[in-house]
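What follows is a short report on a single structure.
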Amino acid sequence: MRISELFARGEFVLTAEVGPPKGFNLDHLLHEAEEFLQDVHAINVTDCQSSVMRLSSLATCKALKDKGLNSIFQLTCRDRNRIALQSDLLSAAYFGIDNMLALTGDHTVMGDTKSAKPVFDLDSVSLLHCVKTLEGGFDLAGNELDGDAPKFAKGAVVSPCSDSVDVQLAKMERKIEAGAEYFQTQAVYDSEKFIKFMDRAKQYKVPVQIGVIIPKNAGMANFMNNNIAGVSIPAWVIEELKADKEKTKAGITGIEITARIIKECKDYCQGVHIMALGWEKHVPALLEQAGLK
Amino acid sequence: MLITQLKQIDEVKALAGAKTVIISCEGCKEVHFPAAEAKELYNDLKGSGTAQKVIRTEYVCSPENLAVQTKKHLPAIEAADTVLVFSCGVGVQSVSEMFDKKPVFAGCDTIPLPGYQGVTPLTVDCDQCGECYLNKTGGICPIALCSKSLVNGQCGGCKDGKCEVDKEMDCAWERIYRRLEKLELLENMKYPAQIRNFAPEA
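Protein chains in written order, with my numbering: chain A, 2 to 294; chain B, -8 to 193.
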């Protein structure tokens, strides 16, 4: 089901993210999704995340659907031109997948296949425009589609804790103009920054889900701070992760930190998006501690 | 070789402010410049009172040369509210760098032709995309200066104003935003979703 309908009903929308494997065995992913992600409204499937070649988002969305799970088809502009993107959107519609999330995508040099051609024929804004065009019964070349037009809940991303938050907000506005109906954010660790961001973003009246990543250890936190654009982790988070290594290793500290951030921010947004990065097993405990279950 | 082609006349006229200075770059052997059509347009803009001055010059792509060529016209440029540049994309960017407190707009699109590209060492680049974006982007080219050649704004990969691909490289969209902010022209960025045309010229 389209998550835009949940937002319209005023529900606080929960989503979690899974990353397909580098291979074609989905048993583990599907098992974890069925075991740990039953309480979220939809499961995002990444599209060759970090420019690392993997099984496709579309095939994984279909496999989740076959298990009765609602999915969000993430689509980047890195690897496909407008012909392939439109074709994949129609394929998604054929499979009954009706949530999508438009991303520009990391550059190819960020991943494991640096020699690949970066495509970027479209970008997040023009991809949203493209989906809207298909929904109107036409393709980007202006040719009419056969039969019914597809219909998606159209999502996009924004970085509330970016050091370029003005520029990000300008882009957010362009995405809304192009058709974005909901937003998921880059990981937030600084509630104050997020709340300030929402104070500016609320004028657009488009639902925003706060993005969270359960921090696994201080090393990971430092790495994200130094290398991941749009992520800024305050010192207190790193100190807490360092304090009791066993507790941190067991995921307890990370869950506590993340639950606290969600609690501080949830009144300012319309949902939570959990990027578990392999820690799907901790999602139920996180939802419980954050008071969302 | 490259061809500079005038943008639609109405589009150029809409860019001209009440006090416009035109810089017309006419000397380059490697460029086919639409001299006759340009002259007609300059006369039109002068006739309507919007163009205060037409500076006919050459090689504005070179900042050193541009400084020499525009020296005696500085008071006129200072007094203008708009600078319209008729040159290849490199020329427009050099002018917008030099007069970064002025709205600088391009009157031409730049289209590639195979062959000799000239030997002038330059600090800016033009990909000769044929649909010049500089008027929307404060004279900073997102095609040549963004790693992904994005035309609809900044991606999520900008950290501390630098590009995800190269920490030494400025994010073009960060620069575009800051330039437009300084010029109080942020509204220019609110154009409809752009999709580039990759069809070879007929």
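A virtual CB, placed ideally from N, CA and C, is assigned to each residue, including glycine.
Just so we're clear, the structure is a prediction, and the values are computed from it rather than from any experiment.
In the three-state scheme derived from DSSP, where H, G and I count as helix and E and B as strand, Glu33/A is classed as helix. For Phe224/A, no Cβ of chain B is located within less than 8 Å of the residue's own Cβ. Under the three-state reduction of DSSP, Ile44/A is assigned to strand. From the listed residues Val45/B, Asp72/B and Ser53/B, the smallest Cα separation to Lys63/B is found for Val45/B.
For Tyr168/B, the closest Cβ of chain A is nearer than 8 Å. Between Gln290/A and Val14/A, the beta carbon gap of about 19 Å keeps them out of contact (Cβ cut-off 8 Å). Using a Cβ-Cβ cut-off of 8 Å, Lys173/B does not count as an interface residue toward chain A, since no Cβ of chain A sits closer than that to its own.
For Gly272/A, the enclosing beta strand (DSSP E) covers residues Gly272 to Met276. Secondary structure of Val53/A (DSSP, three-state): coil. In the three-state reduction of the DSSP assignment, Cys132/B falls in the coil class, being assigned neither a helical nor a strand state. 8 Å or more divides the Cβ of Val115/B from the Cβ of Ala97/B. With 16 or more other Cβ atoms from the protein chains shown falling within 10 Å of its own Cβ, Pro94/B counts as buried. Contact between Glu136/A and Lys115/A is ruled out by a C-beta separation of about 36 Å, above the 8 Å threshold.
Taking 7 Å as the upper bound on Cβ-Cβ separation, chain A lies near residues Glu155, Val156, Trp164 and Glu165 of the stretch 154 to 165 of chain B. The stretch 83 to 169 of chain A contains, as complete beta strand (DSSP E) runs of 3+ residues, the segments 100 to 104 and 154 to 159 (chain order).
Per the Cβ contact rule, the stretch 239 to 258 of chain A is not in contact with the stretch 174 to 187 of chain A (fewer than 3 Cβ pairs under 8 Å). Close to His108/A, with beta-carbon spacing below 9 Å, are these residues of chain B in chain order: Ser138, Lys139, Cys146, Gly148, Cys154, Glu155 and Val156. DSSP, reduced to helix, strand and coil, places Glu18/A within a strand of the structure shown.
Pairing Ala150/A with Ala277/A, the inter-Cα distance amounts to about 34 Å. Within 7 Å of the CB of Gln185/B, the CB atoms of chain A belong to Ser127, in sequence order along the chain.
Non-local beta-carbon contacts of Ala29/B in its own chain, meaning distances under 7 Å to residues more than five positions away in sequence, involve Leu(-3), Ser15 and Phe77 in chain order.
Around Gly231/A, the beta-carbon contacts reaching into chain B at under 7 Å are Gly147.
DSSP places Pro103/B inside the beta strand (DSSP E), whose first and last residues are Cys99 to Pro103. The beta carbon of Asp80/A does not come within 8 Å of any beta carbon belonging to chain B, so the residue lies off that interface. If you check the CB distance, Thr73/B and Leu(-7)/B do not come in under 8 Å.
With distances taken between CA atoms, Leu86/A lies nearest to Val120/A out of Val110/A, Val120/A, Leu70/A and His108/A. With 16 or more neighbouring CB atoms inside 10 Å of its own CB, Ile234/A falls in the buried class. Against chain B, the beta carbon of Met111/A has neighbours under 7 Å at Glu155, listed in chain order.
Runs of the beta strand (DSSP E) lying entirely within the stretch 239 to 285 of chain A, each at least 3 residues long, are 272 to 276 in chain order. Pro285/A has its alpha-carbon roughly 55 Å from the corresponding atom of Gly80/B. Leu65/B counts as exposed, since fewer than 16 other beta carbons sit within 10 angstroms of its beta carbon.
When the five nearest sequence neighbours on each side are left out, the beta carbons in the same chain lying within less than 7 Å of the beta carbon of Gln185/B are those of Val142 and Asn143, in order along the chain. Contact of Met180/B with chain A is assigned, a C-beta pair being separated by under 8 Å.
DSSP places Ile186/B in the coil class of the three-state scheme, outside both helix and strand.
For chain B, the residues of the stretch 171 to 194 of chain A that bring a beta carbon within less than 8 Å of one of its beta carbons are Ala171, Lys172, Glu174, Arg175, Glu178, Ala179 and Gln187, in chain order.
Interface criterion met: the Cβ of Val168/A is under 8 Å from a Cβ in chain B.
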